[in-house]
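Trainee: Supplied in structure tokens, the structure appears directly below.
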Amino acid sequence: MLVQEVMSTGVVTAFPTDSVRSVVIKMLSRHYGAVPVIDEHLNLIGLVALRDVMLPLFPNFGDYIHDNVHSRDFTEMEEGYPDILRKKIESIMSKNPLTVSPNTPILEAASFMGRKHFRRIPVAENGKLLGMISIGDINRGLFFQRGFLAQ
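As numbered in my numbering, residues 9 to 159 make up the sequence shown, in order.
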């Protein structure tokens, strides 16, 4: 089974000039953890995740991943959130995101996603965004093709 058979198309996207606030509203209202960023020609140029919105609150990445509770004023850090929302997506997005091809076997995509700790990944061909695939899409595809008939 190939990625193109189970991927989601018509995905919600963002433009690099969109405000972080407007994209966060889209993501939270649809329960998305990440959305692809495209240019005016539908070229995939980035990916923004809710995690990317949080990272600027922390003075450095080490504070984000380590428990430095005693060395930070988290209330003060929280007050910086509105400033992040006023920024443009291009200032926080991950550029040149990793992708899979629509012709990639789904278990190969799942293996790649597992190694990278991704729950979802853009599907692109020749730089153009075609959709997204998630671990849920892969499980659904396998279940309905292989597992549904298994007793």
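From the three backbone atoms N, C-alpha and C, an ideal C-beta is built for every residue, glycine too.
Keep in mind the model is a prediction, meaning the values are calculated, not measured.
1. So, do the stretch 83-102 and the stretch 53-62 have three or more beta carbon pairs nearer to each other than 8 Å?
2. Please check the pair Pro44 and Met140, which I expect to be a contact at CB under 8 Å, by giving their CB distance rounded to whole angstroms.
3. What residue from Glu98, Pro130, Lys95 has the CA that sits closest to Thr112's CA?
4. When DSSP labels each residue in this structure, what does Val28 get in the three-state scheme?
5. Return the CA-CA distance between Ile146 and Val108, expressed in angstroms with no decimal places.
6. If you follow the alpha helix (DSSP H) that Met9 is part of, which residue opens it and which one closes it?
7. Would you say Ile92 and Ala22 are within 8 Å of each other, going by their C-beta atoms?
8. Confirm, please, whether the CB-CB distance from Gly149 to Glu48 is below 8 Å.
9. Nearest CA to the CA of Met15: which residue from Arg59, Arg128, Phe66, Val28?
10. Helix, strand or coil for Gly122, going by three-state DSSP, please let me know.
11. For Val108, list the residues DSSP reports as bridge partners.
12. Just the C-alpha distance for Met62 and Val32, rounded to the nearest angstrom, thanks.
13. What whole-angstrom Cβ distance do Ile114 and Val11 have, given they're in contact under 8 Å?
14. For Val28 and Glu86, I'd like the C-alpha separation in whole angstroms.
15. If you run the structure through DSSP and keep just helix, strand and coil, what is Met140?
Mentor: Answer, in terms of the structure:
1. yes
2. For the purposes of this step, residue 44 is taken as the residue at position 36 of the sequence shown. For the purposes of this step, residue 140 is taken as the residue at position 132 of the sequence shown. At roughly 7 Å, the Cβ-Cβ gap stays under 8 Å, so Pro44 and Met140 are in contact.
3. Residue numbering aside, residue 112 sits at position 104 when the sequence shown is read from its first letter. It is Pro130.
4. By one-based count along the sequence shown, residue 28 stands at place 20. DSSP places Val28 in helix when its eight states are reduced to three.
5. Working through the sequence shown from its first residue, we reach residue 146 at position 138. Working through the sequence shown from its first residue, we reach residue 108 at position 100. Cα to Cα, the separation comes out at about 13 Å.
6. Position 1 of the sequence shown, counted from the first residue, corresponds to residue 9. Note, Met9: premise wrong, no alpha helix (DSSP H); not H, not E.
7. For this step, residue 92 is matched to residue 84 along the sequence shown. For this step, residue 22 is matched to residue 14 along the sequence shown. No, these two residues do not count as a Cβ contact at 8 Å.
8. Taking the sequence shown and counting its residues from 1, the one referred to as residue 48 is at position 40. Taking the sequence shown and counting its residues from 1, the one referred to as residue 149 is at position 141. No, Cβ-Cβ distance for Glu48 and Gly149 is not below 8 Å.
9. Reading the sequence shown from its first residue, position 7 is the one you call residue 15. Closest option to Met15, Cα to Cα, is Arg128.
10. The count along the sequence shown starts at 1 and reaches residue 122 at position 114. Helix, per DSSP.
11. To locate residue 108, count along the sequence shown from 1; it is residue 100. DSSP, once it has assigned bridges, lists Val131 as partnering Val108.
12. Numbered from 1 along the sequence shown, position 54 holds the residue referred to as residue 62. Numbered from 1 along the sequence shown, position 24 holds the residue referred to as residue 32. Cα to Cα, the separation comes out at about 11 Å.
13. In the sequence shown, counting from the first residue as 1, residue 114 sits at position 106. In the sequence shown, counting from the first residue as 1, residue 11 sits at position 3. Contact between Ile114 and Val11 holds, since their C-beta atoms are separated by about 6 Å, short of 8 Å.
14. Counting from one through the sequence shown, the residue named residue 28 turns up at place 20. Counting from one through the sequence shown, the residue named residue 86 turns up at place 78. Cα to Cα, the separation comes out at about 16 Å.
15. Indexing the sequence shown from 1 puts residue 140 at position 132. In the three-state reduction of the DSSP assignment, Met140 falls in the strand class.
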